[in-house]
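Presented below is the structure to which this report refers.
Number of protein chains: 2
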Amino acid sequence: MNFADQVCKVVEMKGPLVVGMDPHLELLPPYLLEKWLRERGNNLQALAYCVMEFGELVIEAIHDIVGFVKFQMAFYELLGVPGLMVLKNLVDRAREKGLTVILDGKRNDIASTAACYARAYLSGIEYPLERSIPSFWDVDALTVNPYFGEDGLTPFFEEAKKVNKGLFVVCRTTNPSAPFLQDEGREEKVYFKVARLVERMGEKMIGDSGFSSAGIVVGATYPEDLRMLRAEFPSLLFLIPGVGAQGGGLETLRFAFRDDGMGALVNVSRGVLFAYRESGKLDGRGFERLVRTKSIDYQERFRELQR
Amino acid sequence: MNFADQVCKVVEMKGPLVVGMDPHLELLPPYLLEKWLRERGNNLQALAYCVMEFGELVIEAIHDIVGFVKFQMAFYELLGVPGLMVLKNLVDRAREKGLTVILDGKRNDIASTAACYARAYLSGIEYPLERSIPSFWDVDALTVNPYFGEDGLTPFFEEAKKVNKGLFVVCRTTNPSAPFLQDEGREEKVYFKVARLVERMGEKMIGDSGFSSAGIVVGATYPEDLRMLRAEFPSLLFLIPGVGAQGGGLETLRFAFRDDGMGALVNVSRGVLFAYRESGKLDGRGFERLVRTKSIDYQERFRELQR
């Protein structure tokens, strides 16, 4: 099934919430961190086990009420190969539980190298083998960075298309310095040019839903941009980070949805994962119940915005 | 020792050649690929073993005559966790042999996430532990992508500075689509703004050599840009890909060096690694002797350009 169509189906069933699996070490439930450090010592393997148990508890708590998870690779790469093995386990677990998995790696390079990234995460290896080997990571969608321009993106589009998977090209980021480069441009701002490029390159990836499997990452911290991009690019799915911790307000998200309530996936990380920190339960025991409550809460609030 | 000073010392001793450890599967010596696929079957682990042996042979062949290796992460990520374990082994092997290791990952994100990448590859984890854990990867320098602007780069600079390591910020790429985004800009082109930003952010990383430990990646395919950037930014080290396969001519490299012959590291990947393919030895046996010959050859040609 076309990735964009799958997304729309899941949004309709469960809502547009994406739970961002960002295991900030300093925010992990202390009871869990202490347990693993005590058992395994002060090392990467202990941290990796901790992140693994944390992730499993989150997936278990949300899989029936949330459609999407996004793994930010940096948090797993931080823990070296042990961390990447945990990432692989959690990706598999999430997919087994029926979640759509977005890998947030923001990969980027020139053509032949970009093809390696695309094959690693989306499609797999064919040449020079007798039988092809499927992608090790095998996620549903990958984020990519557009700094190289069209020919750096082409291999990602080609490989994604081959296996009906998704892409989200970083377009408008949420951070204060975002305008430095993204607002440059003579006739049109860079981020706008990027959105236009993604629209054109993804034309042949449009499904029955009218959306393309190649979308863009757009922060909610710049509401006016969100509104303009939505008006100009009806076929692009928006992946929206920056809700909660990064300062984007919920109200501005209204602009991200089309009239039919479709078109945006909204990522919340800290606001869901670490809700226990505002609950008074300082050691974090039972944090997963709050993960579930918060997720239900966000889905409901998004549903109102979709109307 | 300051990273830039170390670079200058090594360039003086051995020359500016960086051997790009890019194990393109379809270019690997057939005798090696066939051996591992026969022994281990048609799977990622077999390919990883093959890439491992290939990399070990290259390092053994060049370590006394070459100062720098650059690992393009995409080729290792393609092979999943087995490939990343091989990357780790080769990075360690290269450093043991005295090579300066540049990891080409082009990582990028917002502040807190960028910090994870920087800690993963350069510095290590402190908080929330009793004793800090050193970086798993522990390379000498990392490439980063500037699409997020200054605050996305800051954590990379902070962590690199803390441990006297290096950064190369992607500035001007070698591919045909590079101008799409990099030549945008009202008063100044984006790639030029990026170079200026790196210069300012790296001011406190300048060593006795007069170079900063934060340099830029500049392709050799745009000679005029190379000349302008060299004139405008005397304190920036240039990491130059695109020599040989990507179409950059050797002659244009002259512009990359300062009058004292310093300031540029020149990466050659395919032109060194897969020289056996032009030698008539089709199965690739003994390819490492040609890797060595080609490396000596490139060092000599660069030495002439440095004059």
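In order, the protein sequences belong to chains A and B. Using this note's numbering, you'd call the opening residue of the first sequence number 844 and step up by one each time. Using this note's numbering, you'd call the opening residue of the second sequence number 844 and step up by one each time. A virtual CB, placed ideally from N, CA and C, is assigned to each residue, including glycine. Every value quoted in this text rests on a predicted model; they were computed, and no experiment measured them.
### Task
Measuring only between beta-carbons, confirm whether Phe-1000/A sits less than 8 Å from chain B.
It does not: the Cβ of Phe-1000/A has no partner Cβ on chain B nearer than 8 Å.
### Task
Please classify Pro-872/B: does DSSP put it in a helix, a strand, or coil?
It is coil, neither helix nor strand.
#### Entry: Closest by C-alpha distance to Gly-926/B, when choosing among Asp-907/B, Val-944/B, Gln-888/B, Asp-947/B
For the residues Asp-907/B, Val-944/B, Gln-888/B, Asp-947/B, the minimum Cα distance to Gly-926/B belongs to Gln-888/B.
### Message
Helix, strand or coil for Phe-991/B? Go by DSSP, reduced to three states.
### Response
Of the three classes helix, strand and coil, the one that applies to Phe-991/B here is coil, per DSSP.
### Task
Excluding the 5 residues preceding and the 5 following Gly-1106/B in the sequence, name in chain order all residues of the same chain whose CB lies nearer than 8 Å to its CB.
For Gly-1106/B, the CB contacts under 8 Å within the same chain, skipping 5 residues up- and downstream, are Phe-1054, Arg-1073, Pro-1077, Leu-1079, Leu-1080, Phe-1081, Ala-1099, Phe-1100 in chain order.
### Message
Considering Cα atoms alone, identify which of Arg-938/A, Ile-905/A, Ile-968/A is closest to Gly-923/B.
### Response
Residue Ile-968/A is the option with its Cα nearest to Gly-923/B.
### Query
Using a C-beta to C-beta distance shorter than 7 Å, which residues of chain A count as neighbours of Gly-1045/B?
Chain-ordered listing is empty here: chain A has no CB closer than 7 Å to the CB of Gly-1045/B, the nearest sitting near 16 Å.
### Extent of the continuous beta strand (DSSP E) run through Leu-930/B
That residue, Leu-930/B, is in no beta strand (DSSP E); its alpha helix (DSSP H) goes 923-939.
### Query
Whose Cβ in chain A lies nearer than 8 Å to the Cβ of Gln-888/B?
The premise fails here: Gln-888/B is roughly 10 Å from chain A at the closest Cβ pair, so nothing lies under 8 Å.
### Query
At what residue ranges does the segment 1093-1133 of chain A contain a whole run of the beta strand (DSSP E), taking only runs of 3 or more?
As far as the segment 1093-1133 of chain A is concerned, its whole beta strand (DSSP E) runs of at least 3 residues are 1107-1111.
### Query
Alpha carbon to alpha carbon, how far is Asp-935/A from Gln-1149/A?
Their Cα atoms are separated by approximately 30 Å.
#### Entry: Distance between Glu-1001/A and Ala-847/A (C-alpha atoms, nearest Å)
If you take the alpha carbons of Ala-847/A and Glu-1001/A, they lie about 16 Å apart.
### Query
When you check each C-beta in the segment 1018-1032 of chain A against every C-beta of chain B, which residues fall closer than 8 Å?
Per Cβ criterion, the list reads Asn-1018, Pro-1019, Ser-1020, Ala-1021, Pro-1022, Phe-1023, Leu-1024, Gln-1025, Glu-1027, Gly-1028, Arg-1029.
### Task
Would you please state the rounded distance, in angstroms, between the beta carbons of Phe-897/A and Leu-875/A? I believe it to be under 8 Å.
Their Cβ separation, rounded to whole angstroms, is 6 Å, which keeps Phe-897/A and Leu-875/A in contact under 8 Å.
### Message
Please state the DSSP three-state secondary structure of Asp-947/A.
### Response
Asp-947/A: strand per DSSP, three-state reduction.
### Message
Is it the case that the segment 862-876 of chain B contacts the segment 1119-1126 of chain B, given that we only count it when at least three CB pairs across the two stretches are under 8 Å?
### Response
The segment 1119-1126 of chain B, when compared against the segment 862-876 of chain B, does touch it at the 8 Å Cβ threshold.
### Message
Measuring only from the beta carbon, is Asp-947/B closer than 7 Å to any heavy atom that is part of the ligand GTP?
### Response
With respect to the ligand GTP, the structure shown offers nothing to examine, as it has no ligands at all.
### Task
Could you tell me whether any Cβ in chain B is nearer than 8 Å to the Cβ of Val-1013/A?
Yes, Val-1013/A counts as interfacial toward chain B.
### Query
Since Glu-993/A meets chain B, which of its residues come closer than 7 Å, beta carbon to beta carbon?
Within chain B, Ser-1020, Phe-1023 have C-beta atoms less than 7 Å from the C-beta of Glu-993/A, given in sequence order.
### Message
If distances are taken between C-alpha atoms only, which option among Pro-866/B, Val-853/B, Ile-945/B comes closest to Gly-910/B?
### Response
Considering only alpha carbons, the answer is Val-853/B.
### Query
Do you know how far the Cα of Leu-921/B is from the Cα of Ala-1063/A?
Annotation: Ala-1063/A to Leu-921/B spans about 32 Å, alpha carbon to alpha carbon.
### Message
Can you confirm whether Cys-893/B, when its beta carbon is compared against all beta carbons of chain A, has any partner nearer than 8 Å?
### Response
Chain A places no beta carbon closer than 8 Å to that of Cys-893/B, leaving this residue out of the contacts.
### Nonlocal neighbours in the same chain, by C-beta distance under 6 Å from Cys-851/A, ignoring five residues either side
Contacts found: Ser-1052, Met-1105.
### Exposed unless 16 or more other CB atoms sit within 10 angstroms - verdict on Gly-1085/A
Residue burial is scored here from C-beta neighbours: Gly-1085/A has at least 16 other C-beta atoms within 10 angstroms and is therefore classed as buried.
### Task
Step through the CB atoms of chain A and report whether any lies within less than 8 Å of the CB of Thr-1136/B.
Answer no: the Cβ-Cβ gap between Thr-1136/B and chain A never drops below 8 Å.
### Task
Kindly indicate the opening and closing residues of the beta strand (DSSP E) around Arg-1015/B.
Run containing Arg-1015/B: 1009-1015, per the beta strand (DSSP E) assignment.
#### Entry: chain A residues whose Cβ lies nearer than 7 Å to that of Leu-972/B
The answer, in chain order, is Asn-885.
### Endpoints, the beta strand (DSSP E) within which Lys-913/A is located
Per DSSP, Lys-913/A belongs to the beta strand (DSSP E) from 911-915.
### Query
Exposed or buried, Leu-1125/A, counting other C-beta atoms within 10 Å across all chains shown (16 or more means buried)?
Its Cβ having fewer than 16 others within 10 Å, Leu-1125/A is exposed.
### Query
What do you get for Gly-1009/A, buried or exposed, if any count of 16 or more other CB atoms within 10 angstroms of its CB means buried?
Buried, by the Cβ-count rule.
### Task
Just tell me which of Thr-1095/B, Glu-1031/B, Gly-884/B, Lys-1004/B has its CA closest to the CA of Glu-1046/B.
The candidate whose alpha carbon is nearest that of Glu-1046/B is Lys-1004/B.
### Query
Alpha carbon to alpha carbon, how far is Lys-1036/B from Ala-954/A?
Their Cα atoms are separated by approximately 24 Å.
### Message
So that I know if they touch, is there some Cβ in chain A lying closer than 8 Å to that of Val-912/B?
### Response
At a cut-off of 8 Å between beta carbons, Val-912/B makes no contact with chain A.
### Query
Any Cβ of chain B within less than 8 Å of the Cβ of Ile-1059/A?
No, Ile-1059/A does not count as interfacial toward chain B.
### Task
Reducing DSSP to helix, strand and coil, say where Phe-979/B ends up.
Phe-979/B falls in the coil class under three-state DSSP.
### Task
Put Ser-955/B into one of helix, strand or coil per three-state DSSP.
Correct three-state label for Ser-955/B: helix.
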